[in-house]
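Heads up, the sequence shown is in full-length UniProt numbering, so the first residue is 1 and it goes up one at a time. The structure appears below as structure tokens.
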Amino acid sequence: MKTRIGEILDYYIRYENLARFIDYSPDPSEVEGQTWPEEDLFDPVRIRDVVREYRKKHILRELGTTNTNDDIEQEIDKFLNDEIGLEAVLDRVSSDDTRPRLKNIIETVTGEMSLNIGYPLLARNWNERKPKLYPVVTFQCLWRDVGGLEVTSFVVNRNALEIFAACSEQCEVQEVGAISAKKCEAFLTEAEAVRNADIRAILDQLDRIWKRHFPDAPFNRLVEFYEYEKWRLVPFAFVTLDKIESVSEPIFRRELTRLADRINRRSSQLLENYVLGNTARRPYSPEESIGSFHYGSYTSDYPLNQKQWEIISIIPKVKILSVSGPPGTGKTTLLKELIADFVVRKAMELMRLTDRSWEPLKIDDRTIYRSPLKGKNPFSLIISSTNNRAVDNIGQELLREISYFPGVSSNPDFKGIFCARLGRKENIDQFSRECFDRLINELQKTDDNAATRVFEEVVSSFNSTFQELKSLCETLVEHERLREQVRQRESLREPAGWKEVFDRVQIAVIEAEAALKEVERQLQDHEERLQRLMEQIAAVLQEEEDGECTRTECEAGLRQAYKDLNYWNSIKRFPNRLLNVLPSRRRFLAANPSDSYLLDVRIRPLQQRLLQTEERLRQIRSTKTALERRADEMREEQKRLTALRNERSEQRNERLQRLELVRRWGESAENIARLLEEPEADRLPYYRLVNAKPVLSLRKRLFDLALRLIEAYIRKHREPIVANLRAYGDFYSEHRKKEKQKNLYRYEIHLWETFFLCFPVVTTTLHSFSEQRYPLLAEWFDTLLIDEAGQILPHYLCAPLYRARRAIIVGDTKQLEPVRTLAASLVETDHQDISILQNSAMDYAGRATDRIGVMLTEHRRCERSIMSFSNRYVYEEKLELVKPDRHDKLFGANLVAFDIRGLKDASKHHNHAEVSACKRIVRMLADRYGPDIIKDIGIITPFAHQKKLLEKVCPGVEAGTVHTFQGREKKIILFSSVIDGRHAKNRSLADFVGGSPYLLNVAFSRAKEQLIWVGNVEAIEKSDNYLAKALGEIRRHGVLYSLYSPEQEANVRPEQRAEAYRVYDDEWQTESGPDTDAPFVHSAEQHYRLLLQTLENSRRFVGIVSPWIGAAVVDDRLLSVLKAAKMRGVDVRVVFGYRGGQGISLENLRRLIEVEYEGRTDGENAEQAIQALRDCLGHALRYRPPLHVKLMLVDSQVLWIGSHNWLSNRYGKSDEISYRIRDKDAIEYVKSRYFSDDAD
């Protein structure tokens, strides 16, 4: 595992090693080097002299200043000039003890010499004392006394390349990274493959690569660039013999290098999960939060929403948590609640340790103290990000809102000193001056007896409030447990009141008891019937027994009778009959006088009786079998009824238990209803109960008491705390490297623990999160919270995560991406899941998190329609948009688009027509809502040049690019898209703005109450990307105004149009009619008269765009006026065509008529009218479908535009209107778009 972590850290370090040269900007005051004229760069003698001078300085430095003199310098010069040998120099400058070391040093210095050469140089403010320099290429070279200068490697400076690319693309340098990102990356990729040892040869190859990727650049060779946006190419090179590490040392490279060493001694599970992925992560389930509660609330004005509360509930159960936070979903609210809970838990920990003393630790001549917390730093929190504004905002909010040591801070805007802002140096200085030093002074003035008394009082109040909250929350947990049992046992899917459930279960109990009684009755009846049956069976068995006895008697009698018959027959035969005189025979014969007697009297009756008996027995046995079968059946039925009775009894008992459970739930619900003053507490979800007003108030009170308890604890233990704070101040002062401080390193964590006790939250940027202030030790503080993680490169978090025990990483990968300086080919990895070029810190966090899929989904910032684009195209309808739409606004909606068409500047990315429209909109907003609305208006544009113009014409209104507005919000946002559809680079500009939805997502989500889009609707629709999709959302949910294509307007009410169209021209008035200086005409006849008057009075130019041409307008009078205008030298041009199609042109007029006028009755007359205009105008009549615009341009000064077909409609609808526009930018656009030779 450690080996794998080490390999990945090495990959990060390689990235930073290359990135420092990509971004390298040498500062001659900090880097030991020289600025050479470029001709010296290619002079071997000059390079040799510099190398020799460097060698001499290095040798003299090793000798030490006390041992050097002019003679020694001369000897060294002779050696370096090859006039004497090494041994001779050593004889002169060394002793026997120092000779071996000096010999090794001199041999090393006089070997191959490394040089770093930056050439050519781009300079900003070249003539000032400290100009900003970018070397176009940084060459790493070797100098050999034999062989000269050899390039071993080189890197093209990305910043310099982007300046060149901006000049080529004629855009702001800040914008070229997005507009020409692929070209720049391709250039860097090919440049990386160049292999040559000569500077000139390398530059020649780079020139060829440049020309291939930027063929339209105004210079063919890099050294031919002169100046752009105050950047000049100067004929100099910057040369340094410093080692690579001293040229440019990025903080992240240094931190990663130290971390790679640390990780071998002590690992960090947090860091391993972040870098390698968390194999134990599992999907997030809202059910995890049921039964949970927290102790502190930041405010009692409103509770957390359910998703925020669920996240707060699971934080104690996780080590690393990734929270996806789309804009406006309450990330700051979540953070503040977490802080409040941490403060309460910290106070509980201090209360537990209240009787334990601080342990003194003697360090040299100083005593510091170990707190009873033993360096664990519980509930310490560091908030960090690369976005300095985000970090500053939360730090200042905490200071303004939390009353903690009130009156200590010298800043009147701050309620206390709760947060230590330790990012930039000015923040640290301000914190030290306004908070840190003043806290020490305050504690020194504390009365110990009073502090002890206050502490005891606060502990008592805190403990009683805590017990009250704990008891209430435990009651709520028990209530939820009972409700959950009821929900499961009753299969409740919808919220139900306990009484309703009780009645339902009570009815079920009654039904169960009735069913049990019925079964018991049936069983009793059945048992009685079975008893009677058993009695019948007993009688039959007795009868069977009697029959068996009878049959036995008969069988015995027959056997005796047959025996007697045989005997009779034997004594009748001679000589046996001679004995018949015997007395026994005489008695036998007397009883059985003849054989017939035996047969008739004895045998045959017995036989008859036996037959009867057997027949009866068969009948009895049959009856017995039937009765026994019936008895078996009845016994089975008895068993069934018995089981049913038991089942009904169990059912009755189970329902009685359910009834008891519901009754207990009801008692709990009634109790909670009384405690929370919530009549329907039994119907409210657990989230609502634990965030009810009384609970929320208790949590807020506990938070306030926790702050007082921590204050009182600090005052009570002021002596050790002041000692530690002083040691902390000394340790992190400018003199921390003093020898007397070195032993404090071992106790740094104890100083930090005291610091966090006094200042519970620290904010800092990731660029300031270095070992200079924060010890690089594993898990020395509790929680790291990262904001805007979607904009952070993943390796920036490695060292901070190593220091923390828990991390909460919040961000959104669907807004702005991190700024990456390297091309893919320069730093590669086989594992795409760790690639810096393809991942952000938020991507890493998604694989590291203990719970998958945690996302804040309740959006409260913007009104519903404003976020419709982002919700649909960015967040897949996952957001719950809770803020309702309010359309009682200027222009009639909260989502508005104006079709403003003006030409983008040829060389800069700005559009004057859109600037003018924005200025008018701001003025109209101020007229509507008052001048105070200005501070609530923001103007967003993708381009920096446009932003600068907007700032000039709209003073007081904050204008910025999308990147600068990240993390901001305004009531009203204007969005100026700039693209015009005419610029040569229109496609790339449109892709820059709308190639992905993320830039537009940021723009839309800044507007709380109204978003007003200012842009060219035609160009936007042709972009066929997310620009068009955004416009589609405005059509669906808002209002779209267009003078150029009125039929494309969406949801416009007539009464709103007059007000909205003031955006198009400063001179808009209210009179109408062609005979006055009026701003619009509104009937077909007025349009016809205006057309004739225009042709009669125009001096230089008349241009007409009319999709249709008809004979009703193109009559003899119009043709006569038109010919007269031509004779006066007026340039008249007509553009028409509505449908168009392949192969259709004026050369085939019949086919044109068939297509354009299909389904119309005026086709034949139209053909004559078109031919008449063609005869009159020649090539000035142009067929350029598809057209939807209807306009007339007069002398390049006045533009009439609206819904009227100028050359087709004379007697049509009277509600078609054309408006007069004198806006110069709109007129220039119309000339270029419709009447120039290269018009579409």
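Idealized CB from N, CA, C, for every residue including glycine.
Classification of residue i by the beta-carbon crowding that lies within 10 angstroms, buried from 16 upward
i	result
Val459	buried
Arg200	exposed
Cys918	buried
Gly85	exposed
Glu1047	exposed
Ile1153	buried
Glu245	Unreliable positioning characterises Glu245 in this predicted model, as indicated by a pLDDT of 47, which lies under 50. The coordinate reading is nonetheless provided below. Exposed, since its Cβ has fewer than 16 Cβ neighbours within 10 Å.
Gln467	exposed
Lys952	exposed
Glu272	buried
Asn125	exposed
Ser1208	buried
Thr66	Unreliable placement is indicated for Thr66, whose pLDDT of 42 sits below 50; the coordinate value is still reported in the next sentence. Per the 10 Å Cβ criterion, exposed.
Met1127	exposed
Phe187	buried
Val507	Checking the sequence, you will find Ile at residue 507 rather than Val. It counts as exposed.
Asn441	exposed
Val662	buried
Phe574	exposed
Identity of the residues DSSP links to residue i by a beta bridge
i	result
Thr138	Gly118 and Val155
Ile786	Ser384 and Ile809
Ile368	Leu361
Gln1010	Ile972
Leu1199	Leu1193 and Ile1221
Glu958	Gly938
Gly1015	Asp899
For residue i, three-class secondary structure by DSSP
i	result
Lys415	coil
Phe781	strand
Trp665	helix
Asn911	strand
Asn228	Rather than Asn, the amino acid found at residue 228 in this sequence is Tyr. It is a strand residue.
His526	helix
Gly147	coil
Glu858	strand
Ser988	helix
Glu494	coil
Ala193	coil
Leu353	coil
Ile979	coil
residue 1241	With the chain running from 1 to 1240 in the structure shown, residue 1241 is simply not present.
Phe236	strand
Gln170	coil
Val247	Only weak support is given to the placement of Val247: the predicted model assigns it a pLDDT of 48, under 50, and the value that follows is read from those uncertain coordinates. It is helical.
residue 1251	This structure leaves residue 1251 out entirely; the chain is present only between 1 and 1240.
Cβ separation of residue i and residue j, assumed to be a contact under 8 Å, to the nearest whole Å
i	j	result
Tyr728	Phe759	Not confirmed; about 10 Å, so no contact.
Arg901	Ala1226	6 Å
Glu162	Val173	6 Å
Leu90	Lys103	6 Å
Val1155	Ile1144	6 Å
Query raised in the report: How about the segment 716-735 and the segment 444-463: do they share at least three Cβ pairs that are nearer than 8 Å?
Result: At 8 Å Cβ cutoff, the stretches touch.
Query raised in the report: Does the count of Cβ pairs from the segment 1180-1190 and the segment 1020-1034 closer than 8 Å reach three?
Result: Verdict: no, contact absent.
Query raised in the report: Are the segment 791-800 and the segment 830-846 in contact at 8 Å, needing three or more beta carbon pairs?
Result: Yes, the segment 791-800 is in contact with the segment 830-846.
**Report entry** the segment 804-820 / the segment 278-297 touching (three or more Cβ pairs under 8 Å)
**Finding:** With the cut-off at 8 Å, the segment 804-820 and the segment 278-297 do not touch.
Query raised in the report: Taking one C-beta from the segment 886-899 and one from the segment 858-866 each time, how about it: are there three or more such pairs within less than 8 Å?
Result: Inter-segment contact for the segment 886-899 and the segment 858-866 is present: three or more beta-carbon pairs are separated by less than 8 Å.
Query raised in the report: Hey, is the segment 1188-1196 in contact with the segment 1100-1120, meaning 3+ C-beta pairs nearer than 8 Å?
Result: Result yes; three or more Cβ-Cβ pairs closer than 8 Å.
Query raised in the report: Touching or not, the segment 295-302 and the segment 696-712, by the rule of three or more beta carbon pairs under 8 Å?
Result: With the cut-off at 8 Å, the segment 295-302 and the segment 696-712 touch.
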